[in-house]
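Using the UniProt record's numbering, read the sequence shown as starting at 1 and increasing by one per residue.
So the structure is just underneath, and the comments pick up after that.
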Amino acid sequence: MMHSNLIDGEWIDGNDMVRNINPSDTNDVIGEYARASAEDAKAAIAAAKAAFPAWSRSGILERHAILRKTADEILARKDELGRLLSREEGKTLAEGIGETVRAGQIFDFFAGEALRLAGEVIPSVRPNIGVEITREPVGVVGIITPWNFPIAIPAWKIAPALCYGNTVVFKPAELVPGCSWAIVDILVRAGLPKGVLNLVMGKGSVVGQAMLDSPDVQAITFTGSTGTGKRVALASVEHNRKYQLEMGGKNPFVVLDDADLTVAVEAAVNSAFFSTGQRCTASSRVIVTEGIHDRFVQAMGERMKGLVIDDALKAGTHIGPVVDQSQLNQDTDYIAIGKQEGAKLAFGGELLKRDTPGFYLQPALFTEATNQMRISQEEIFGPVASVIRVKDYDEALSVANDTPFGLSSGIATTSLKHATHFKRNAEAGMVMVNLPTAGVDFHVPFGGRKGSSHGSREQGRYAAEFYTTVKTGYTST
Ligand code: ADP
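Shown next, in the form of structure tokens:
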């Protein structure tokens with residue numbers, strides 16, 4: 001079946017398409033998905049612009065009902081959509097279903113937020129004058145998403161955009177159009193008026209670029225690589241538009257001598273390798289103090305031996321394949337670089353053969369790594385982590401912060417003093433104590449500092465900051 005783009009309420013095939021391939025079994029074609037042209041993107045932007053005045057004035061109950069219906073359908077179809085997600089992206093079925101549930105919860109949350117829009121009334125400093133502060137939608141919002149969370153990231157951008165009265169042009173990642181197409185289909189059937197949400201699947205350099213170059217896109221929210229994020233930023237400055245970027249991470253996970261070893265190992269394995277290490281909140285630097293170092297490394301090796309790497313849809317699989325050949329090449333290149341730099345490959349790193357042709361890689365753990373090595377500074381985005389040995393807490397904190405990124409930061413400790421100090425001093429948007437660096441709630445802010453993010457936070461009530469613009473009204477009575 002051909003899955004079309006949606007422009008101004010019409011499903012449009014176009015002249016070009018891409019096959020959606022299962023990374024667990026490259027013989028398995030999930031479906032054919034239309035590839036939009038730059039002209040299609042322009043038509044989508046024009047449709048969103050035309051739909052904006054009516055949608056921005058739509059009643060909150062209408063928005064609530066559409067978002068609520070969408071949430072209900074996503075949750076009712078969680079097994080089917082979760083399976084589609086695992087099939088197209090390669091994370092395990094449990095992770096795929098979990099992510100789908102999260103997408104449903106996000107729509108549910110913003111359905112509620114539509115009913116809770118509020119402003120402030122403040123007395124003026126001048127007598128007999130009142131001041132009211134209200135939030136208005138921004139306009140046409142461009143949404144550009146990556147492949148690693150095929151349903152949650154589209155959900156956490158589309159839901160608030162619509163909730164606050166914006167219209168949308170949405171470009172999902174080319175590798176995983178399936179879940180994006182499915183949620184757009186659900187939203188349309190839930191009653192969205194034509195033009196309010198437009199789907200333009202296709203190439204970043206064509207469709208994404210057309211969005212960046214359009215003066216009619218008032219805001220762009222982007223999650224993806226640092227390089228593309230910079231392009232979004234530069235183009236947005238040119239058009240004086242709002243922009244929000246979520247980019248890479250090189251998240252540290254600190255293990256102190258006083259840590260509970262089991263808690264530390266579980267959190268480190270989860271942070272580094274679950275979802276095949278393909279999370280921007282994954283931890284790829286495990287910073288371990290001397291007293292626990294050898295015991296920790298040994299326990300990690302034992303734990304890693306028990307991991308089942310196989311077809312994402314198979315029961316019992318802990319870690320699915322890497323998403324595609326080019327990402328697999330990047331992972332194995334970095335494994336070679338780590339060896340050349342003098343780190344010791346203590347475990348894993350080999351390509352694996354399974355029953356079906358897929359991009360299977362045994363998670364890799366380096367030891368004897370330093371923080372200056374490229375494997376400790378550059379984002380790999382795969383199941384590859386290095387252990388960096390440090391003397392004490394102070395050195396651990398300074399190594400943890402010595403990175404161009406600042407998304408998430410974790411620590412395993414039983415010391416209240418160190419946990420508290422770390423929470424205050426970690427240079428990251430999110431900090432985790434005795435928990436993996438990845439795995440966040442849907443109703444609280446998400447985002448980072450330094451090279452990881454730009455603009456206001458995503459998710460929860462903080463999303464309003466990006467998807468609205470504030471108006472200050474004065475009335476003399
Ligand atoms: P990743 O490494 O996750 O693929 P990218 O930054 O390349 O990171 O991709 C993230 C999203 O940005 C994808 O939807 C991709 O198509 C899009 N993209 C890539 N290049 C551009 C561009 N020049 N302009 C706009 N979007 C782009």
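For each residue, glycine too, the CB sits at the ideal point set by N, CA and C.
- When rounded, the separation of the alpha-carbon atoms in Val168 and Asp79 is 27 Å.
- Ala50 and Gly204 have their C-alpha atoms spaced approximately 24 Å apart.
- The C-beta distance from Gly249 to Leu407 rounds to 4 Å, short enough to fall under 8 Å.
- Of the residues assessed, Thr472 falls on the exposed side of the cut-off, its CB having fewer than 16 other CB atoms within 10 angstroms.
- Taking a 10 Å sphere around the C-beta of Ala54, we find fewer than 16 other C-beta atoms and assign the residue as exposed.
- Apart from sequence neighbours up to five positions away, the residues of its chain that approach Gln362 with a beta-carbon distance below 7 Å are Ile309, Gly348, Gly349, Glu350 and Leu352, ordered along the chain.
- By the Cβ criterion, the stretch 3-13 is not in contact with the stretch 334-347, since fewer than three pairs of Cβ atoms, one from each stretch, lie closer than 8 Å.
- Taken in chain order, the complete beta strand (DSSP E) segments of 3 or more residues contained in the stretch 118-176 are 120-123, 129-137, 140-144 and 167-171.
- Under the DSSP assignment, Glu32 falls in the beta strand (DSSP E) whose first and last residues are Asp25 to Arg35.
- Taking C-beta atoms as the reference points, Phe222 and Gly410 fail to come closer than 8 Å.
- His3 sits in a strand when the DSSP states are folded into three classes.
- For Leu187, the three-state secondary structure derived from DSSP is helix.
- Look at Leu84 here: in three-state DSSP terms it is helix.
- Distance from Ile158 to Phe170 at the Cβ level is roughly 6 Å; contact confirmed, criterion being Cβ atoms closer than 8 Å.
- With contact defined as three or more Cβ pairs closer than 8 Å, the stretch 125-144 and the stretch 419-426 are not in contact.
- DSSP, read as helix, strand or coil, puts Leu93 in helix.
- For a cut-off of 8 Å, the C-beta gap from Val384 to Val390 is around 20 Å, too long to register as a contact.
- Contact check for Val217 against Arg241 passes: the beta carbons are separated by less than 8 Å.
- DSSP places Val232 outside any beta strand (DSSP E); the residue lies instead in the alpha helix (DSSP H), whose first and last residues are Thr226 to Glu238.
- In terms of Cβ geometry, Asp213 and Ala233 do not form a close pair [threshold 8 Å].
- Only buried fits Asn22, as 16 or more other CB atoms lie within 10 angstroms of its CB.
- Nearest Cα to Val288 within the set Thr367, Thr469, Ile375 and Gly229: Thr367.
- By the 16-neighbour rule on beta-carbons within 10 angstroms, Asp355 is exposed.
- Distance between Ser86 and Phe149, taken at the CA atoms: about 10 Å.
- By the Cβ criterion, the stretch 314-328 is in contact with the stretch 14-29, since at least three pairs of Cβ atoms, one from each stretch, lie closer than 8 Å.
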